[in-house]
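Chemist: According to this note's numbering, the sequence shown is numbered sequentially starting from 1. We put the beta carbon where it would ideally sit given N, CA and C, even for glycine. Quick caveat: nothing in here was measured; it's all calculated off a predicted structure. The structure is given below, and queries will be raised subsequently.
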Amino acid sequence: MTRTVLVTGGNRGIGFEICRRLAALDRKVVLAARRRDLGEKAADRLRDEGRDVTAVALDVADGSSIARCAEALAGDGVAVDILVNNAGVFVGGPLLSGPDPMPESLAVNLMGPLGTARAFMPAMIARGWGRVVNVSSAWGSFAEGLEGAAAYAVTKAALNALTVHLAREAGPAVLVNAMCPGWVRTRMGFDSAPWDPSGGLPETTAARGADTAVYLATLPDGGPTGGFFRDRAPLAW
Ligand SMILES: NC(=O)c1ccc[n+]([C@@H]2O[C@H](COP(=O)([O-])OP(=O)(O)OC[C@H]3O[C@@H](n4cnc5c(N)ncnc54)[C@H](OP(=O)(O)O)[C@@H]3O)[C@@H](O)[C@H]2O)c1
């Protein structure tokens, strides 16, 4: 049975590589992007590689956009079996002065994954199979010191907590996990991110960042749920 995966923020960076890798594993990929034109352009690149990819418009910070996306997919008879909440923003700056970095960070990094979970997980639970991957960050780990910009750390820590509770509500047939891709050369990760040890191009590095998400999206039945991973290994909360 061919499983269908929806990847948010699939038009570039790590999300695009997650789409590419899962499509290469013969998953049917729904590449979600907040700008339809950028989503179509990215999907074209993968279709040119012979992959089964469709693009949908999805702004995860906008509840009505999530609802429209879910309705459009249901109308086309598309059931989402695997949800990868990859879209994220890094809004720098302190919490107590200057522009408040929290509203956008909360909307994209926390409420977005909750909104897509509410849109797609109940049907997974009803069908008795599903996988959810929340692309988080080690900067949201208490054990690693909640490093990085405050709003980013706080919202990724909250995404980790959300992961635990979604896994509890989902039951054993729908596996819900969070992951850290490592420090990756993307628009968010900047050029200062270390090169892939193999000396590959930035996109090779993004592919490496995508690896643990692909692993979690393709877990066998009975696999881990409610966990946090990096490089396919458990990571301390
Ligand atoms: N890069 C790293 O070193 C690193 C490290 C740890 C964790 N992460 C996490 O990995 C994930 C992907 O990051 P990346 O490095 O690939 O970042 P990126 O290159 O900046 O890409 C971010 C993606 O998220 C999308 N996005 C942002 N806001 C959105 C919204 N409201 N609705 C839908 N899509 C939205 C962007 O869409 P647009 O093109 O429309 O802006 C883009 O597709 C993020 O969750 C990030 O926190 C990255």
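(1) Below 8 Å, is the gap between the Cβ of W279 and the nearest heavy atom of ligand 1?
(2) Should A207 be labelled buried (16 or more other beta-carbon atoms within 10 Å of its own) or exposed?
(3) In whole angstroms, give me the CA-to-CA distance for G50 and L25.
(4) At what residues does the beta strand (DSSP E) containing V29 begin and finish?
(5) To the nearest angstrom, how far is it from the Cα of A67 to the Cα of R36?
(6) To the nearest angstrom, how far is it from the Cα of P224 to the Cα of G63?
(7) Following the continuous beta strand (DSSP E) through T4, name the residue where it begins and the one where it ends.
(8) My guess is that T212 and D231 are in contact by the Cβ rule of under 8 Å, so how many angstroms apart are they, rounded?
(9) Suppose the cutoff is 6 Å on Cβ atoms and the five residues either side in sequence are ignored; what does the same chain contact list for G92 look like?
(10) Could you tell me whether the Cβ atoms of G9 and V60 are closer together than 9 Å?
(11) In the DSSP assignment, the alpha helix (DSSP H) including G130 goes from what residue to what residue?
(12) Might you give, ordered along the chain, the residues of its own chain that have their beta carbon closer than 6 Å to the beta carbon of G226, omitting 5 neighbours on each side?
(13) Three-state secondary structure (DSSP) at L235?
(14) On the criterion of 16 or more Cβ atoms from any shown chain inside 10 Å, does T259 qualify as buried, or is it exposed?
(15) To the nearest angstrom, how far is the alpha carbon of M121 from that of V30?
(16) Identify the residues that DSSP records as bridge partners of I82: which are they?
(17) Looking only at C-alpha atoms, which of S105, L22 and G128 sits nearest to G300?
(18) Anyone know if the C-beta pair for S136 and C180 falls short of 9 Å?
(19) Going by DSSP in three states, F229 sits in which element: helix, strand or coil?
Modeler: This is what the structure holds:
(1) No statement about residue 279 is possible, as the shown extent of the chain runs from 1 to 237 and does not include it.
(2) Under this definition A207 is a buried residue.
(3) The straight-line gap separating the alpha-carbon atoms of G50 and L25 is approximately 12 Å.
(4) Where V29 is concerned, the enclosing beta strand (DSSP E) stretches over K28 to A33.
(5) Distance between A67 and R36, taken at the CA atoms: about 16 Å.
(6) Approximately 29 Å between the Cα atoms of the pair.
(7) Taken as a continuous stretch (DSSP letters only), the beta strand (DSSP E) holding T4 covers T4 to V7.
(8) 6 Å between Cβ atoms; contact.
(9) Answer for G92: A149, listed in chain order.
(10) Cβ atoms of G9 and V60: closer than 9 Å.
(11) Per DSSP, G130 belongs to no alpha helix (DSSP H); it is in the beta strand (DSSP E), G130 to V135.
(12) If we look at G226 and ignore the five residues flanking it on each side, its Cβ neighbours are V164 and A167.
(13) Coil.
(14) Any question about residue 259 goes unanswered here, given that the chain covers just 1 to 237.
(15) CA-to-CA, the gap between M121 and V30 works out to about 16 Å.
(16) Paired residue(s): V5 and R131.
(17) This structure gives no information on residue 300, because the portion of the chain shown stretches from 1 to 237.
(18) Contact: yes.
(19) Strand, per DSSP.
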